[in-house]
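Quick mapping for you: the protein sequence lines, in order, are chains L and Y. If you're matching positions, the first sequence starts at 53 in the numbering used here and goes up one per residue. If you're matching positions, the second sequence starts at 53 in the numbering used here and goes up one per residue. No residue lacks a Cβ here, since even glycine has one placed at the ideal position from N, Cα and C. Owing to the predicted nature of the structure, the values given are computational and were not obtained by experimental measurement.
Number of protein chains: 2
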Amino acid sequence: MTTRKDFGQHYLVDFLRCDPETLRSVGPTRNIFLRAAREAKATVVAEDFYQFEPEGVSGVLLIAESHLSVHTWPEDGFAAVDIFTCGEEMDAEVAIAVLTAAFRAEETVVSVHTRGQLGERESEEPDVG
Amino acid sequence: MTTRKDFGQHYLVDFLRCDPETLRSVGPTRNIFLRAAREAKATVVAEDFYQFEPEGVSGVLLIAESHLSVHTWPEDGFAAVDIFTCGEEMDAEVAIAVLTAAFRAEETVVSVHTRGQLGERESEEPDVG
């Protein structure tokens, strides 16, 4: 088995039972998201946010360190975020803490996946022999 | 344990030992990515692509069904893609097949994660008792 460099950490973060008011429209969602990126020391290079009707937001920040995305279901109090970060400067955990507080999530479920690791395929099912 | 609706499937896809020429600059990477989205029947609502110097690309498509992103390391022949899709129309597997062929990847490693499943936390480590 050869070892190889890894290409960063990919966080999939589910925010459950959020305050729906923060998730309905681009304005508050974008503000929260930009603040999370800033406090995590991400360098934003491009952004796009999209308003669904009657409510709900998709948004992405391209950052020098890779990206952050958010998709909201205000009717379910749910937001799905992913944070892909390469390098040492940015702290994704800070972004997750900011988002948890700002969305007023009652539960935050995080899974972390190391990208580009040949031969270390992640499994969805526990590999119990 | 309550069951709840799920909020879509999130594919993390590592493309290994790609043709570096397809990964160096926005032009070819964007063309390939838009074609993959189109063939997968995604509805693109916004896009951003960013050129790294001297080479390498970050890009994202916001789609009605959520998003696709790509980050390339041409010097390593590596591309990290994620595809988050909600709904029945779009077929992420088609996008993955298009990208594998167009990047000339020798190996494609896919992991799939269902978002928003309360109480079904994914684990990185096999849970061997």
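Boundaries cannot be given for residue 95 (chain Y), as no beta strand (DSSP E) includes it and DSSP labels it neither H nor E. Under DSSP, residue 131 (chain L) shares a beta bridge with L:67, L:124. Apart from the 5 residues on each side of it in sequence, residue 161 (chain L) sits with its Cβ closer than 6 Å to the Cβ of 66 in its chain, given in chain order. Where residue 151 (chain L) is concerned, the enclosing alpha helix (DSSP H) starts and stops at 144 to 155.
No Cβ of chain Y is located within less than 8 Å of the beta carbon of residue 63 (chain L).
Only buried fits residue 117 (chain L), as 16 or more other CB atoms lie within 10 angstroms of its CB.
Going by DSSP, residue 111 (chain Y) is part of the beta strand (DSSP E) stretching over 109 to 115.
When Cβ-Cβ separations below 8 Å define contact, residue 71 (chain L) makes no contact with chain Y. Between residue 120 (chain L) and residue 97 (chain L), the C-beta gap is not smaller than 8 Å, which leaves the two residues out of contact. Boundaries of the beta strand (DSSP E) harbouring residue 159 (chain L): 159 to 166, taken from the DSSP string. Scanning L:167, L:148, L:130 for the CA closest to the CA of residue 139 (chain L) turns up L:167.
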